[in-house]
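Peer 1: Each number in the working numbering corresponds to the 1-based position in the sequence shown with 122 added.
Backbone N, C-alpha and C fix where the C-beta goes; we use that ideal spot for every residue, glycine too.
This is the structure, below, for whatever I ask next.
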Amino acid sequence: MRRRTIAHEILLQGVGLHRGTPVELCLRPGEGGIVFSRGGVRIPARTEHVVDTRLNTAIGADGAVISTIEHLMSALWGHCLTDCEVEIRGDEIPVLDGSARPFFLAIREAGFAELSGEVDPLTVHQTLRVEDGPSWIEARPGRFSLTYEIDFPGTAIGLQRFSFDGSGYEAEIAPARTFGLLRDVEAMHAQGLALGGSLDNAVVVDGEKVVNPEGLRFPDECVRHKVLDLLGDLWTLGAPLCAEISAVRASHKLHIALAKKICGAQTRVRGGRP
Ligand code: ZN
């Protein structure tokens with residue numbers, strides 16, 4: 123795959139989902155991979171720089187942390203964008219409408235610039251799996267495909283399963299918003315999370331009811347959002363992953379654990395070559 127970046131600068135403003143504070147984001151053309159920066163500290167958006175996976179994916183280096191990168195990363199995946207400078211004034215990527223669509227549309231409007239050089243897809247040579255109790259995720263040798271299953275019994279979410287073959291990201295995946303259960307909101311607030319969450323940027327479910335007056339964008343919006351998150355988290359690999367991926371009740375923690383396992387396996391394969 124040819125490396126590509128954006129053709130023009132993009133400015134975005136909003137609040138962070140977890141801290142709830144105003145943030146400004148500037149995306150610029152770049153040639154050194156996807157690199158975030160904050161207060162002069164540069165943090166490559168790579169798996170080895172992930173420092174927190176509690177309800178978001180955060181990267182850090184030299185004492186600087188940038189949280190909630192996954193929806194922007196997902197939109198970058200959606201455009202096969204391998205290189206971009208992302209400067210942030212604040213500590214968290216703005217949540218905007220809770221989906222990847224505003225990022226996806228802004229990037230498309232900025233246009234693309236092809237770079238010299240190719241990026242080789244990553245493949246797996248055997249099944250790689252990580253699990254945590256009833257939650258698991260695995261990557262098997264094969265063409266790219268992704269199947270995700272979530273289960274929230276006794277709620278409006280229930281059991282949802284979605285399969286994605288890589289086509290139709292803009293219509294099928296990008297608009298799916300983040301979601302939460304009303305009963306979890308207090309606990310999240312106590313941990314300093316979801317402070318910027320509202321019905322404008324998240325689907326909120328109270329038992330069998332969806333609280334948002336406008337309802338859902340898809341009947342299975344929640345599992346589509348999990349696919350969105352997983353694509354963003356796997357884009358920290360820095361190359362497209364050519365594998366059959368299955369995830370059941372997974373989370374950012376497991377997504378990144380799988381990405382780390384894939385990195386480790388690539389190193390071993392490269393190390394084994396003469
Ligand atoms: Zn998300």
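Which same chain residues end up closer than 8 Å to VAL307 when comparing Cβ atoms and leaving out the 5 residues on each side of it in sequence?
Peer 2: Closer than 8 Å at the Cβ level, and outside the excluded window around VAL307, lie ALA316, GLY319 and VAL326.
Peer 1: For LEU380, is the classification buried or exposed, using 16 other Cβ atoms within 10 angstroms of its Cβ as the cut-off for buried?
Peer 2: That one is buried.
Peer 1: Going by DSSP, which residues form a beta bridge with LYS331?
Peer 2: Answer is ASP328, bridged to LYS331.
Peer 1: Quick one: what does DSSP say GLU343 is sitting in, helix, strand or coil?
Peer 2: GLU343 falls in the helix class under three-state DSSP.
Peer 1: With DSSP run on the structure shown, which of helix, strand or coil describes ILE216?
Peer 2: Residue identity differs from the one stated: residue 216 is Pro in this sequence, not Ile. Three-state result, PRO216: strand.
Peer 1: Report the partner residues of THR245 according to the DSSP bridge assignment.
Peer 2: Answer is CYS364.
Peer 1: Taking ALA293 as part of the alpha helix (DSSP H), name the residues at either end of that continuous run.
Peer 2: 291 to 294 is the extent of the alpha helix (DSSP H) around ALA293.
Peer 1: Jot down the residue ranges of each uninterrupted beta strand (DSSP E) in the segment 155 to 231, minimum 3 residues, whole runs only, in chain order.
Peer 2: Runs of the beta strand (DSSP E) inside the segment 155 to 231: 156 to 160, 163 to 166, 172 to 174, 180 to 183, 186 to 188 and 206 to 211.
Peer 1: Are the segment 259 to 268 and the segment 225 to 237 touching, with three or more C-beta to C-beta distances below 8 Å?
Peer 2: At 8 Å Cβ cutoff, the stretches do not touch.
Peer 1: In three-state terms, what does DSSP make of VAL139?
Peer 2: The amino acid occupying residue 139 in the given sequence is Leu; Val does not appear at that position. Coil at LEU139, not helix or strand.
Peer 1: State the start and end residues of the unbroken alpha helix (DSSP H) segment that holds ARG283.
Peer 2: First-last for ARG283: 280 to 286, but that is the beta strand (DSSP E), not the alpha helix (DSSP H).
Peer 1: Decide if HIS311 is buried, meaning its Cβ has at least 16 other Cβ atoms within 10 Å, or exposed.
Peer 2: Under this definition HIS311 is an exposed residue.
Peer 1: Pull up the distance between the alpha-carbon of PHE226 and that of HIS377, whole angstroms please.
Peer 2: Taking the straight line from one Cα to the other gives about 21 Å.
Peer 1: Would you list the one or two residues that DSSP bridges to CYS148?
Peer 2: The partner list for CYS148 (beta bridge, DSSP) reads LEU133 and GLU209.
Peer 1: Might you give, ordered along the chain, the residues of its own chain that have their beta carbon closer than 6 Å to the beta carbon of PRO297, omitting 5 neighbours on each side?
Peer 2: For PRO297, where only same-chain residues beyond five positions count, the Cβ hits under 6 Å are SER221, ARG223 and ARG339.
Peer 1: Could you tell me the boundaries of the alpha helix (DSSP H) in which LEU304 lies?
Peer 2: Taken as a continuous stretch (DSSP letters only), the alpha helix (DSSP H) holding LEU304 covers 304 to 312.
Peer 1: Verify the contact flag: THR127, CB atom, against every heavy atom of ligand 1, threshold strictly below 7 Å.
Peer 2: No, the beta carbon of THR127 sits no closer than 7 Å to any heavy atom of ligand 1.
Peer 1: Between the alpha carbons of THR175 and ILE188, how many angstroms are there, rounded?
Peer 2: Their Cα atoms are separated by approximately 12 Å.
Peer 1: Near ILE367, which residues of its chain fall below 6 Å by C-beta distance, leaving aside the five closest residues on each side in sequence?
Peer 2: Here the set comprises ALA261 and LEU268.
Peer 1: Under 7 Å: does the beta carbon of LEU350 sit that close to some heavy atom of ligand 1?
Peer 2: Within the cutoff, so yes.
Peer 1: Does DSSP classify ASP355 as helix, strand or coil?
Peer 2: Helix at ASP355.
Peer 1: With distance defined between alpha-carbon atoms, name the residue in LEU133, ARG126, CYS364 and GLY337 nearest to THR249.
Peer 2: For THR249, the nearest C-alpha among the options comes from CYS364.
Peer 1: Report all residues from its chain with a CB closer than 7 Å to the CB of LEU304; omit the five preceding and five following residues, and keep chain order.
Peer 2: So the qualifying residues of the chain are VAL326, VAL327, ASP328 and VAL333.
Peer 1: For the beta strand (DSSP E) that PRO263 lies in, which residues bound it at each end?
Peer 2: It spans 257 to 263 - the beta strand (DSSP E) in which PRO263 sits, taken as one unbroken run.
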